[in-house]
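Heads up: the structure comes next, in structure tokens.
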Amino acid sequence: MLAIHSRKNSFSDKWIEFCEKYDIQYKLVDCYSSDLIQQLNDCCGLMWHWGHHDHKAVLFARQLSLSLRAIGKDMFPSVDTAWHFDDKVGQKYLLEALASPMIPSYVFYDKSKAINWARNTSYPKVFKLRGGAGSENVRIAKTEKDALNFINRSFGRGYKVKNRRNFLKERIWRFKRDRSLSSFLNISKGIARLFIPKVAEREFPAERNYAYFQDFIPKNDHDIRVIVIGNRAFAIKRMVREGDFRASGSGIIIYDKAAIPEECLKIAFSVSKKMASQCTAFDFVFRDGEPLIVEVSYSFSARAYSDCPGYWNEKLEWIDGQFYPEFFMVEDFIKNLNLM
Ligand SMILES: Nc1ncnc2c1ncn2[C@@H]1O[C@H](COP(=O)(O)OP(=O)(O)O)[C@@H](O)[C@H]1O
Ligand SMILES: [Mg+2]
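Counting with full-length UniProt numbering, you get residues 1 to 340 for the letters of the sequence shown.
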């Protein structure tokens, strides 16, 4: 039997729909309950879409996947799929180890080494925290002085992964983009949040004692995001915010098969195989036309892909028509367990 942890508006909605539709035996379990392993006695696999903002999940989701692996039970996301999730520093080691084309990245665990590097490198650079999404923790260091400021803070009081100022900025950007009443009302929510600490901001420790930078890859007015699930790939083009270099979270999405360079698909398929991942989103930017991986992530907002006109298989043949990415995940998982 298959076990699913149900969380509204996550992948699990469609996983459950799939099981109902194809008569797959499943049961709902509560991953947060202490007797979880016992609950899984009659199950050969567990699917749980846990997110990086869930401070409880982050405490034990990876440990759970390792524990299930130890007894030969499958999990989605598997260890290989998610050990580096929301951890850009972890991804740097992985992508370098796999000799993948990634943006040159630098990490420091000593303030003096970081300062020494900052004094001798070229600018601009991009400064990032390990975690975060939608560009919330991605900043530009235009000069050595900027970089030194980031470094001082990183080895001082550190940064909050979720911060209220970013939250408000994001709402203002969406208002500028949409000029709608609902995005205007969202700004007032953003202002309210400036005074009411968000759970995530409160519950996550400060990110400190490391500094992570990447080379700034100029002249990219968009990034390309390719998602590989098993032997399928689908992709979108995301334009950067106005007057900004960051595409992730801008919400300006182009759904056009012709906008996706084949090279990105090839890299995504090949790296995903080397990672042994069930599901990976790859962000790409381009250096003189050459695609470079920005970061990877197993989790994404499925809604943003509902307008994709089709997907590719591993031979890069196009399969026309809309699809649910969550169905791909559960289909692969179930077939692997011989439940279908
Ligand atoms: N080194 C870089 N050079 C140029 N653009 C970058 C670089 N890193 C990130 N970006 C841009 O910023 C966006 C957010 O960066 P990313 O590392 O993917 O963070 P997030 O996890 O918030 O999506 C990317 O979508 C890309 O458009
Ligand atoms: Mg990204």
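We treat Cβ as the ideally placed atom computed from N, Cα and C, and that holds for glycine.
Remember, it's a predicted structure, so these values are computed and weren't measured experimentally.
- For K142, no beta strand (DSSP E) encloses it, and the DSSP letter there is neither H nor E.
- Within 10 angstroms of the beta-carbon of Q25 lie fewer than 16 other beta-carbons, which makes it exposed.
- Out of W48, Y22, C19, the CA that lies nearest to the CA of V29 is found in W48.
- The stretch 215-222 makes contact with the stretch 239-250, as at least three CB pairs between them are under 8 Å.
- One Cα belongs to P104, the other to N41, and the distance between them is close to 45 Å.
- Using a 10 angstroms sphere on the CB of G289, the tally of other CB atoms stays under 16, which defines it as exposed.
- DSSP, reduced to helix, strand and coil, places L337 outside both helices and strands of the structure shown, so it counts as coil.
- In this structure, L98 sits near V271, with a CB-CB distance shorter than 9 Å.
- Of all C-beta pairs linking the stretch 74-85 to the stretch 278-287, three or more are shorter than 8 Å, placing the two stretches in contact.
- Assignment of beta-bridge partners to L46 by DSSP yields A3, M75.
- For H55, same chain residues with a beta-carbon under 7 Å away, outside a window of 5 residues either side, are A200, E203, F204 in chain order.
- Non-local beta-carbon contacts of G310 in its own chain, meaning distances under 6 Å to residues more than five positions away in sequence, involve W318, I319, D320, G321 in chain order.
- R208 sits in coil when the DSSP states are folded into three classes, being neither helix nor strand.
- Per DSSP, reduced to three states, the secondary structure at V285 is strand.
- The DSSP-derived three-state label of E295 is strand.
- With contacts defined as CB atoms closer than 9 Å, C31 and A57 qualify as a contacting pair.
- Beta-bridge partners assigned by DSSP to W173: none are found.
- At least one heavy atom of ligand 2 is found less than 8 Å from the C-beta of V294.
- In the DSSP assignment, Y26 falls within the beta strand (DSSP E) that extends over 26-28.
- Under the criterion of beta carbons closer than 8 Å, C44 and L337 qualify as touching, at roughly 5 Å.
- Here T143 has Y123 as same chain residues with Cβ atoms under 6 Å from its own Cβ, once five neighbours each way along the sequence are excluded.
- In the structure shown, the three-state DSSP call for S180 is coil.
- Taking all protein chains shown into account, N9 has fewer than 16 neighbouring C-beta atoms within 10 Å of its C-beta and is therefore exposed.
- Around the beta carbon of Q63, a 10 Å sphere encloses fewer than 16 other beta carbons of the protein chains shown; the residue is thus reported as exposed.
- With distances taken between CA atoms, H53 lies nearest to G134 out of P325, L265, G134.
- Secondary-structure assignment with DSSP links H222 through a beta bridge to M239.
- Distance check between S34 and each of F60, R174, E326 places F60 closest, using alpha-carbon atoms only.
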